[in-house]
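In the working numbering, the protein residues as written are 1122 to 1565.
For each residue, glycine too, the CB sits at the ideal point set by N, CA and C.
A short worksheet on the structure shown next.
This is how it looks when you write it as structure tokens:
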């Protein structure tokens, strides 16, 4: 089944129930490390995002996505790294009503921004259906999306160093583990470098008695997820909403990759508008009740390549496994006991790779920086993002409310606006084999 010259399996029932269940378990392991890493990192910003709730909505979101796409696309929806910068920015909001808030009080507003970002997917899906992707994507070319993705990683970089500096040996072990398995790993080990980058240093921390198990002993084996209802505020929405631009490009890239892997054009059938609706609804649902934004996962595309079993039913099994795990507070407590230095080491690689993906997005789509137009757009995006992020953003009053635009929000607005205004936009969606397929923030 794993040989490259073997015929792909499109109906997993022919393999028998036990093999189907094992294949579903393989998909769950592939998504697991990255999916639970997001709530751990966000909690490190002071916003207590729940691992249980994250796993629940990864599973439910995956099943919802499959329903929206006529059960045809073998994709898993896990936590999106694209929104990490947004959570960090909301945690840093200190103007107006946010000045006296704790992280727990800010979290619902960050989730409200996630909901709105998910709903923007639906708007884009409608535009794709009505006017077609070629006209819509002219407003989001790689000269805009690439620098925005680069900014997400660069803005987050200081937090990775801060966490790693609490114990550099553990952090360096995490970095080395991820690099080693990503470059030299074989089979399934090459698919899960992030998971291994957490597990191996964690095992070392256990052996050297650097793990606090107090909360693990107090947690029950079975319990409900701690839901948090989203709240809506203009400042938080303006932080999160622009990130949807990068996340949508990630989605297009992942669906393209899955299509190429399986040998079916999912951009046409069931259609990109349907996959966007599925992803958007999953993200909005998660944000509404306490989970992070979801996105299609490149790790699970890697499992499709490895196993050559293309039946979406196997991926839906992984979604069910995630839902079952979400009902264990003790399991979540074990995950939360991972030392900050291990998370710092993993983030060290992850944040850098996010920025590198932005560079790849620009390079693979052959953005010509000898043209003043492109150079100016990228320059304004980068300086706006980093500059305003360093000064706390831009705060202004609207009626009786204070609205804060973060560096990333200002950069996105400036980039999209300049691209629309300046003459010479010659970007054509899908003009090259690699075009628009490189913004995969969930692929390693």
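Judged by DSSP secondary structure, residue 1417 falls within the beta strand (DSSP E) whose first and last residues are 1415-1417.
Contact between residue 1453 and residue 1172 holds: their C-beta atoms lie close to 4 angstroms from each other, under 8 angstroms.
Taken in chain order, the complete alpha helix (DSSP H) segments of 4 or more residues contained in the region 1332-1358 are 1335-1339. Sequence-distant Cβ neighbours of residue 1401 in its own chain, meaning closer than 6 angstroms and more than five residues away, are 1239, 1242 and 1243. The region 1439-1479 is shown to contain whole alpha helix (DSSP H) runs of 4 or more residues at 1450-1457, in chain order.
The three-state secondary structure of residue 1164, taken from DSSP, is helix. Bridge pairing for residue 1526: 1515 [DSSP]. In chain order, 1263, 1264 and 1495 place their CB closer than 6 angstroms to the CB of residue 1488, counting only its own chain and leaving out the 5 sequence neighbours on each side. Judged by DSSP secondary structure, residue 1380 falls within the alpha helix (DSSP H) whose first and last residues are 1364-1383. No Cβ-Cβ contact shorter than 8 angstroms links residue 1372 with residue 1335. Taking a cut-off of 8 angstroms on C-beta distances, the region 1364-1384 does not touch the region 1344-1354, as fewer than three cross pairs fall below it. According to the DSSP secondary-structure assignment, residue 1198 is paired through a beta bridge with 1417.
Counting C-beta pairs closer than 8 angstroms gives three or more between the region 1388-1395 and the region 1190-1199, which meets the contact rule. In the structure shown, the three-state DSSP call for residue 1488 is coil. Cβ-Cβ distances below 8 angstroms link residue 1509 to 1515, 1526, 1527, 1528, 1531 and 1532 in the same chain, with the five nearest sequence neighbours on each side left out; the list follows chain order. Using a 10 angstroms sphere on the CB of residue 1342, the tally of other CB atoms stays under 16, which defines it as exposed.
Counting other Cβ atoms within 10 Å of its Cβ, residue 1307 stays below 16 and is therefore classed as exposed.
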